[in-house]
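Residue numbers (this note's numbering): 4 to 106.
Note that beta-carbon positions come from the ideal geometry of N, C-alpha and C, so glycine has one too.
Read the structure below first, then the notes.
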């Protein structure tokens, strides 16, 4: 699997800028493994799909709009970094950032 497999066009006007209210009215895409069918629901209905013993993990992280793209002189090689958060880093230097290399 390559990171490029996850590239897709997403028009800026479809990117939520603020949370919807009430929060449980946000959209939920249900993928049925057995049939491959997709179903559009709202998050308030998630209980319809959970069974005893299931684990639901709530992600409270926020996405920073901080992506760096670069092209190497000469070879034309490309690199893309997603900045995840500002320091302090391992050496407690506030100018350091945690980043994920995307390609």
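Quiz prompt | Bridge-paired residues (DSSP) for residue 34 | solution = Paired residues: 41.
Quiz item: Does the Cβ-Cβ distance between residue 103 and residue 84 come in under 9 Å?
Solution: It is a contact, given that the beta carbons lie within the stated cut-off.
Quiz item: For the candidate residues 71, 63 and 26, whose alpha-carbon lies nearest to that of residue 49?
Solution: Residue 26 is the option with its Cα nearest to residue 49.
Self-check item: Endpoints, the beta strand (DSSP E) within which residue 74 is located
Solution: Unbroken beta strand (DSSP E) run through residue 74: 70 to 74.
Practice problem: Would you kindly report the start and end of the unbroken beta strand (DSSP E) that includes residue 89? | Solution: Its beta strand (DSSP E) spans residues 81 to 89.
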